[in-house]
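**Student:** Numbering (this note's numbering), first residue to last: 833 to 1090. Note that the Cβ used here is the ideal one computed from N, Cα and C, for glycine as well. To start, I am sharing the structure in question, which I have written as structure tokens.
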């Protein structure tokens, strides 16, 4: 486990009565497996008109079963960098595993945050349960078009790639499983907006507007490409409120903050 840096010290307020400190140098930032909520405990929650599965930290679409006789070996998508509107943070990423198989996640994506009214973005890669690591010197701005992808060459090795289509900058990182117990199973492929953790606690979720993952495809060990057809839809619920509205159709996954 290592330390990931951000830009400056700040405090993100969730309400007048509660706040989460976002210390910047150093900080520990990591994604975690999806935390699905017991359906018996969330009936009647405000805002869940879509009847999606609810999670405390993930919104988006997940393929939970690969085609018969194969595993998921790659996931990719394209999205436009959003302009978050309030103090807080969120992350857009693609990954393999982490839902029905929770021992590992190979993932890469972009954090976007508002810190004391200032926009900040970080490109990162991660093999959970290790922490996230930054792609250094990767430049991006609101409105830039980003391609993200992960590919597993084996259960214990893979690659994360992020490309800024707008600026024509591309970064690549080869990764290996951080522990003997964190090999991939290739059972899940996902396109996610996450309320990630810092120093063991969820950061306040910023209002990120709408993020649309297009060209959303998963590759199987048989060399077949599949879109999101049949994916389970997740939305983030915290307290008594559902904070996102997610949908998927073909190769497009859309997640909106409410």
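1. Between which residues of its own chain and residue 1003 is the CB-CB distance below 6 Å, once the five residues before and five after are set aside?
2. With DSSP run on the structure shown, which of helix, strand or coil describes residue 933?
3. Near residue 1076, what residues of its chain come up, given a Cβ to Cβ distance below 8 Å and the 5 sequence neighbours on each side ignored?
4. What residue from 949, 928, 903 has the CA that sits closest to residue 918's CA?
5. Determine, using beta carbons only, whether residue 1010 and residue 959 come nearer to each other than 7 Å.
6. Compare the Cα-Cα distances from residue 1022 to each of 965, 978, 940 and report the closest residue.
7. Does the beta-carbon distance from residue 867 to residue 887 come in below 7 Å?
8. According to DSSP, is residue 1032 helix, strand or coil?
9. With a 10 Å radius around its C-beta and 16 neighbouring C-beta atoms as the bar for buried, classify residue 1056 as buried or exposed.
10. If you check the beta carbons only, do residue 1097 and residue 906 fall under 7 Å apart?
11. Considering only C-alpha positions, which residue in the set 1033, 1062, 1046, 963 is nearest to residue 896?
12. To the nearest angstrom, report how far apart residue 1052 and residue 1037 are at their CA atoms.
13. Return the residue from the list 1079, 938, 1085, 865 that minimises the CA-CA distance to residue 990.
14. Could you pull out every residue in the same chain whose Cβ sits closer than 7 Å to the Cβ of residue 988, ignoring the five residues on either side in sequence?
15. Bridge partners of residue 945, per DSSP?
16. Tell me whether residue 1081 is buried or exposed, calling it buried when 16 or more other Cβ atoms sit within 10 Å of its Cβ.
**Tutor:** Here's the rundown:
1. 967, 970, 994
2. coil
3. 891, 1025, 1067, 1068, 1087, 1088, 1089, 1090
4. 949
5. yes
6. 940
7. yes
8. coil
9. exposed
10. Residue coverage of the chain in this structure runs from 833 to 1090, which leaves residue 1097 outside it and unanswerable.
11. 1062
12. 33 Å
13. 938
14. 1008, 1009, 1015
15. 921, 952
16. exposed
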